[in-house]
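All remarks here apply to the structure that follows.
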Amino acid sequence: MVDYQRQLLDELMGRNRNLDPGAKIKEKTWKDGDNCKFYMHSFCPHDLFVNTRADLGPCAKIHDDETKKQYQEAQRCSRKIDIENEFIRFISNMINEVDRKIVKGKQRLDLMNSKLDQRPISKQAEAVLNISDKISKLVREAEEAGIRGDVDQAQNLMGLCEKLKEDKETLIKQYESCGFNFSETQEKQMEVCETCGAFLIVGDAQSRIDDHLMGKQHIGYTRLRKALEEYKKKQEKEFEERRSGRSSSSGRRSERSRDDRSRHSSSHKDDHRHKRDDRREKDRHRRDRRSRSRDRHRRRSRS
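According to the working numbering, the stretch in the sequence shown is residues 111 to 413, in order.
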């Protein structure tokens, strides 16, 4: 608790708040060990789930905007790569943990639903449950659209949900007016949120759905998943760029090799031509010497 209060004071008043006015202030850098690596890199997961079931407690490190700016502006180096990898490992572990929770929640609901399926169900209740299933599907699609940032699509899907809910209420009233007590046979269908693992009521009121989607826990896990997805896309892009670079480099090497072979072949041809010319020149000189020798011999014979 004392460390948390000290951290709050540091963030509000600065880490040099206790120094004398004339004292020399030590300049802080992003490489200092008391800085929160995750906050400098992107965000600190400790800030996402305050006062929720997933609360990680206060961060023991300092969140400072100035050092975060220094980190963001610094050149990419091995230390920054290590911080990024550590951040990704941390949020991946959190996502894996909630994914295991989601799997267990679904198994629990499957067990509950299997017991309910063994009970006889009327045609009236089946019709209402079919509408509830459609509502549940639309809610999931609207949630996925919201995560993608497609606000218009999410609003359209939620509009369809409201229409189906009205149809459901109308159908229930019709059955009850005929003497069918729907409340005695209706069981609240549950589902597990694919993002944060919370249990939800299928076809619940829109206000309750909105409260869930805007809750700290749901928003926190949405942010974790988005950060991991962006990291994977960046890795894929860098891999493609490296592969493209290797391909271009290989092409340049191949082209240089062809040029070298071409130059070698041209040089070889030139050497062959020079040697041939040299042989011809030597042959010509030999013929000239023989011709001069014969001429001298003839002159001596005449004399």
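Just so you know, even glycine gets a beta-carbon here, dropped at the ideal spot from N, CA and C.
Residue from the options with nearest C-alpha to residue i
i: Glu-301; options: Ser-242, Leu-281 and Ser-287; result: Ser-242
i: Gly-215; options: Leu-338, Glu-350, Leu-323 and Cys-306; result: Cys-306
i: Ile-193; options: Gly-143, Glu-251 and Glu-254; result: Gly-143
i: Glu-253; options: Gln-299, Arg-353, His-322 and Lys-392; result: His-322
i: Val-160; options: Glu-391, Glu-339 and Gly-325; result: Gly-325
i: Phe-309; options: Leu-219, Glu-276, Lys-347 and Arg-390; result: Leu-219
i: Val-213; options: Arg-333, Lys-171 and Cys-303; result: Cys-303
Rounded Cβ spacing between residue i and residue j (contact assumed at less than 8 Å)
i: Phe-153; j: Phe-200; result: Going by Cβ atoms, the distance from Phe-153 to Phe-200 rounds to 11 Å, so no, they are not a contact pair.
i: Ile-198; j: Val-249; result: So it is not a contact: roughly 30 Å between Cβ atoms.
i: Ala-255; j: Leu-239; result: With a Cβ gap of about 25 Å, Ala-255 and Leu-239 do not count as contacting.
i: Ile-191; j: Leu-338; result: Actually they are not in contact, since the Cβ atoms of Ile-191 and Leu-338 sit about 17 Å apart, beyond 8 Å.
Straight-line Cα distance separating residue j from residue i
i: Asn-195; j: His-151; result: 10 Å
i: Gln-180; j: Thr-139; result: 7 Å
i: His-328; j: Leu-270; result: 23 Å
i: Ser-246; j: Leu-274; result: 10 Å
i: Ile-282; j: Val-312; result: 16 Å
i: Asn-349; j: Glu-176; result: A small correction: the amino acid at residue 349 is Phe; Asn does not occupy that position in the sequence shown. Going by the C-alpha atoms only, they are around 32 Å apart.
i: Val-261; j: Glu-183; result: 33 Å
i: Gly-167; j: Gly-259; result: 30 Å
i: Ser-317; j: Tyr-331; result: 21 Å
i: Gly-107; j: Gln-345; result: Residue 107 lies beyond the stretch modelled for the chain, which goes from 111 to 413, so this question has no answer here.
i: Tyr-341; j: Cys-187; result: 17 Å
i: Arg-210; j: Lys-336; result: 18 Å
i: Asn-145; j: Gln-263; result: 41 Å
i: Leu-221; j: Asp-174; result: 49 Å
i: Glu-279; j: Gln-299; result: 16 Å
i: Lys-141; j: Asn-203; result: 25 Å
i: Val-208; j: Ile-257; result: 17 Å
i: Cys-169; j: Leu-158; result: 11 Å
i: Ala-315; j: Ala-164; result: 25 Å
i: Gln-284; j: His-156; result: 51 Å
i: Glu-272; j: Lys-347; result: 41 Å
i: Ile-352; j: Lys-178; result: This sequence places Arg at residue 352; Ile is not what is there. Each residue's Cα considered, the two are about 29 Å apart.
i: Gln-217; j: Ser-224; result: 11 Å
i: Arg-333; j: Lys-171; result: 21 Å
i: Ser-287; j: Lys-343; result: 56 Å
i: Lys-392; j: Arg-386; result: 10 Å
i: Glu-236; j: Glu-251; result: 23 Å
i: Glu-137; j: Gln-185; result: 19 Å
i: Lys-244; j: Thr-162; result: 30 Å
i: Arg-396; j: Asp-388; result: 12 Å
i: Gln-265; j: Arg-189; result: 44 Å
Helix, strand or coil at residue i according to DSSP, with G and I counted as helix
i: Leu-219; result: helix
i: Asn-161; result: coil
i: Arg-250; result: helix
i: Arg-394; result: helix
Contact test: residue i Cβ vs the ligand NAD heavy atom, cutoff 8 Å
i: Asp-243; result: You won't find the ligand NAD in this model; it holds no ligand whatsoever.
Min CB distance residue i to chain C below 9 Å
i: Gly-215; result: The chain labelled as chain C is not found in the depicted structure, where only one protein chain is given.
Enumerated in chain order, which unbroken segments of the beta strand (DSSP E) with a length of 3 residues or greater are wholly contained in the stretch 288–352? Counting only runs of 3 or more, we get 300–302 and 309–311.
4 or more residues per run - each alpha helix (DSSP H) lying fully within the stretch 148–215: Complete alpha helix (DSSP H) runs here, min 4: 175–183.
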